[in-house]
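All the letters of the sequence shown, read from the start, carry residue numbers -6 to 216 under the working numbering. Okay, so here's the structure we're looking at.
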Amino acid sequence: MDIHSHLLAGLDDGVKSLEEAIDVINDLVEMGFEKLVTTPHVMNDTYRNEPTGIQNGLTELEQHLANNGINIELQAAAEYYLDEFLYARIINKESLLTFGDKYLLFETNFISEPLQMKEFIFQASSQGYRLVLAHPERYGYMTMEKAEDLRNRGVFFQLNSLSIGGMYSKSVRKMALQLIDKGWVDFLGSDCHNPVQSKILKALQKNKHYQRACSLSLLNNTL
């Protein structure tokens, strides 16, 4: 099961059309995926996606899959950007999109740890959310010490499979391998935005580090 992708056309920086979405999904099906959670960005300044619009996009994609005879279970959640607006939504106890047992996927800026990170974790966790940090290996501020602290606070880690192949940078790949070595990977995610990335992901299947990541006690298949 893949728990991170951007397959609802027009909602964010992911696929640009239903046809692109079908192309990516066909690649994921060929890799053996039977269930996908697609997670459009929710960012106050850029992608102000709300549950109704996301659900409408999901319904349209499901119909397109049915019309093309593609059999795969699809659901939608979101990838929330941690800033003062998301923090306010938690404080105000607004309903947020989750997957599985109230798993909430979130990301941060790539340069520095958000000032409200620890308080956000505390407040969201106290409301029963099970926080999943998207691609921790990609953040410039991330160290193994910070990673350990976040895990001690109950945050789950979702590693991007594409990081293992070095798609983003050598430093991101290095951090990804360190997290795998420590066993600090709870979910693997494709984070596919387009068919180019899904083709790269297909080629990664025989990579020994990817196979090692897949052998960890991942939560993907418990959902």
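Here a beta-carbon is modelled for each residue, glycine too, at the ideal position from N, C-alpha and C. Given the structure is predicted, the values throughout are model-derived calculations rather than measurements.
*Considering only residues of the same chain and omitting the five flanking positions on each side of N61, which have a CB-CB separation below 7 Å?*
I15
*Residues in its own chain within less than 6 Å of Q109 by CB, not counting five upstream and five downstream?*
Y80
*Going straight from the alpha carbon of S191 to that of L21, what length do you get?*
Near 7 Å, if we compare the C-alpha coordinates of L21 and S191.
*DSSP state of N49, grouped into three classes?*
helix
*What residues match up with M36 in a beta bridge as DSSP calls it?*
Y40
*asked:* I need the DSSP call for F103, collapsed to helix, strand or coil.
replied: In the structure shown, F103 sits in coil (DSSP, three-state: anything other than H, G, I, E or B).
*Inter-residue CB distance, V125 and F180 (contact presumed, cutoff 8 Å)*: 6 Å
*In this structure, does DSSP put A196 in helix, strand or coil?*
helix
*asked:* Mapping the DSSP letters down to three states, classify F78 as helix, strand or coil.
replied: DSSP places F78 in helix when its eight states are reduced to three.
*asked:* Only counting the same chain, and skipping five residues up and downstream in sequence, which positions put a Cβ closer than 7 Å to that of D94?
replied: R123
*Kindly indicate which three-state DSSP category N187 falls into: helix, strand or coil?*
coil
*Per the contact definition of three or more C-beta pairs closer than 8 Å, is the stretch 48 to 62 in contact with the stretch 97 to 109?*
no
*Whose C-alpha, out of G158, F115 and S162, is nearest the C-alpha of N217?*
The question about residue 217 has no answer, for the chain in this structure spans -6 to 216.
_Going residue by residue through the stretch 0 to 28, where are the continuous alpha helix (DSSP H) segments of at least 4 residues, counting only ones entirely within it?_
11 to 23
*G158 and R166 closer than 9 Å at C-beta*: yes
_Check for me: the beta strand (DSSP E) holding E282 runs from which residue to which?_
This structure does not reach residue 282, given that the chain is present from -6 up to 216, and the question cannot be answered.
_Rounded separation between E43 and V35 - CA only_ = Their backbone Cα atoms lie some 8 Å apart in a straight line.
*Around the Cβ of S(-2), are there at least 16 other Cβ atoms within 10 angstroms (buried) or fewer (exposed)?*
buried
_In whole angstroms, give me the CA-to-CA distance for V189 and A71._
The straight-line gap from Cα to Cα measures roughly 22 Å.
*From what residue to what residue does the alpha helix (DSSP H) around F253 run?*
Any property of residue 253 remains undetermined from this structure, which presents the chain solely from -6 to 216.
*C-beta contact flag for Y74 and N37 at 9 Å*: Yes, the pair counts as a contact, with Cβ atoms nearer than the cut-off.
*According to DSSP, is D(-5) helix, strand or coil?*
strand
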